[in-house]
Every structure is written in structure tokens, then in C-alpha cells.
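Adding 718 to a residue's 1-based position in the sequence shown gives its number in this note's numbering. Note that beta-carbon positions come from the ideal geometry of N, C-alpha and C, so glycine has one too. Owing to the predicted nature of the structure, the values given are computational and were not obtained by experimental measurement. What follows is a single structure, written as C-alpha cells, with notes after it.
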Amino acid sequence: MIKIKFILLLLGLSSINAFGQDCSKFNRWAECRPRINHYQTYLQPKSIAVGINDTLTFNIVFEGNRDYIISFCANKLYYPIHIRLLKFDTKEEIYDNAADNYCVSIGIGFYKTQNLIVEISFLSELLGDKKYRMTDLVCVGMIMHWTRIIKNKT
């Protein structure tokens with residue numbers, strides 16, 4: 719009887735992860751690894767699950783004298799991805815991809831080091847009549863590339 723309870727306990731614990739969504743290597747096989755000449759990967763690529771109408775927030779320090787390209791990807795069913803960049807200290811919005819038809823790749827450059835908040839969300843009103851459930855978790859991947867800003871010698 720104890721063996722049966724133990725086996726049932728093991729089966730129950732092993733099935734918990736089976737129903738969850740594993741996004742740990744999503745950005746490796748998804749289409750968010752653009753080939754960019756002369757750019758290096760910044761930090762480690764990130765992959766995480768986010769719910770419909772939830773907001774995923776990253777606090778990222780962008781080093782000065784660099785241009786960055788930030789690329790995002792998700793299952794095509796859940797596009798568009800809503801992305802906003804905010805100043806860390808004032809929460810002032812400096813970019814909203816809604817103005818660029820929800821573009822999933824952002825180019826930005828800084829002469830001075832900046833601390834920014836990157837917000838990512840999948841809004842139900844943007845998904846239209848696509849087949850999804852409000853309880854769906856969406857794997858989203860983010861990868862950043864950088865290069866040094868070339869200063870003009872004038």
C-alpha cells in the first residue's frame with residue numbers, strides 16, 4: 719500500500735511540469751535570432767511565459783556609446799506583441815511600438831548609460847477573433863544585440 723501511494727505521489731509530481739509551459743529555450747528555435755553583421759549579443763537571451771492581458775517587465779541597463787537592437791518573438795497565433803520602453807526613474811514612456819504597427823524589433827542608441835524598463839504584453843483586444851483562451855500562457859523570447867557607436871571626427 720505504501721509503494722502504491724509513493725508511486726502515485728511520484729506520478730502526480732512529474733505531471734505538474736507536463737501541464738506547465740516550458741519556455742526555457744524558446745528563443746533558440748523561435749524566429750527571434752536575427753543575423754546582424756557587426757553586432758554582438760548583449761546579456762543572455764531571455765524566454766519566459768506570459769499570460770494574455772498580463773505585462774512582463776524587464777529592467778535593463780543599456781551601456782553608453784552603444785547602439786542596440788532588441789528583438790522579440792512569440793507563437794504567431796498571439797501576435798501582435800505590445801512593447802513599451804520606459805525611463806526607470808520617472809516611468810516616462812520613450813517608445814511604444816503601437817506607433818510602428820507593433821514592430822517586434824527595436825533599434826535604439828545611447829551616448830550615456832541608461833536604465834530602462836521594457837514592458838511586453840499580449841492584449842486580448844489586439845488579438846481579434848484568433849482562437850485563444852484567456853488562460854493561455856504565451857512563450858515570448860527576447861534577444862539583444864549591440865555595437866559601439868561610431869563617432870564622426872569632424
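Residue i and residue j closer than 9 Å at C-beta
i      : j      : result
Ile778 : Phe790 : no
Ile838 : Phe776 : yes
Met862 : Ile788 : yes
Phe828 : Asn793 : no
Val768 : Leu774 : yes
Length of the line joining the Cα atoms of residue i and residue j
i      : j      : result
Trp864 : Gly825 : 10 Å
Ile868 : Asp854 : 44 Å
Ile766 : Lys805 : 23 Å
Ile770 : Leu795 : 12 Å
Asn815 : Thr808 : 19 Å
Val836 : Glu810 : 12 Å
Val822 : Arg866 : 22 Å
Lys830 : Arg851 : 43 Å
Tyr797 : Val858 : 11 Å
His756 : Tyr786 : 12 Å
Leu803 : Leu834 : 7 Å
Leu841 : Gln758 : 31 Å
Pro763 : Cys741 : 12 Å
Asp772 : Gln832 : 25 Å
For residue i, the first and last residue of its enclosing beta strand (DSSP E)
i      : result
Phe840 : First-last for Phe840: undefined, no H or E at that position.
Thr865 : 855 to 866
DSSP three-state assignment for residue i, whether helix, strand or coil
i      : result
Asn815 : helix
Residue-chain proximity (residue i, chain B), Cβ-Cβ < 9 Å
i      : result
Ile801 : Of the protein chains in this structure there is only one, and it is not chain B.
**Message:** What ranges does the beta strand (DSSP E) occupy inside the region 747 to 811, keeping only unbroken runs of at least 3 residues that lie completely in it?
**Reply:** The DSSP assignment places 758 to 769, 773 to 780, 784 to 792, 800 to 805 as complete runs of the beta strand (DSSP E) inside the region 747 to 811, in order along the chain (cut-off: 3 residues).
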